[in-house]
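Residue numbers (the working numbering): 17 to 152. Idealized CB from N, CA, C, for every residue including glycine. Below is one structure, written out as structure tokens; the observations come after it.
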């Protein structure tokens, strides 16, 4: 089992606004790097490729309003995984968020995917912060 947690990102928006944005997978494209290809999405699932990585597919598993979004692998992926975005309200105008990834990866595959996934999810968390950064 591969488990990855991103750093907490401080976001300049209420938890409810971040949750609403993340509750439609069609919005996820805004957080992807320009190198992303094969983007497909509905409000409930999405899939794409980034750089040299295999296809990433996600679908919602459960949502806890304004605090947590749980997703699971979707479509033709190379191993099953779960991804959660945890949102913690700081005050009426800000929150923090981080991602928790768990993948059913054998030791050989782990060596190949751990670093690219860690970098990608870190990028994704930072992109979420930038989306809501009022100063930009």
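For the 8 Å CB-CB criterion, residue 57 and residue 66 do not form a contact. By the CB criterion at 8 Å, residue 90 and residue 117 fall outside the cutoff.
Of the residues 137, 104, 40 and 146, the one whose Cα lies closest to the Cα of residue 21 is 137. Residue 62 sits away from residue 35, with the two beta carbons spaced by 8 Å or more. A buried status is given to residue 31, since no fewer than 16 other beta-carbon atoms sit within 10 Å of its beta-carbon. In the three-state scheme derived from DSSP, where H, G and I count as helix and E and B as strand, residue 69 is classed as coil.
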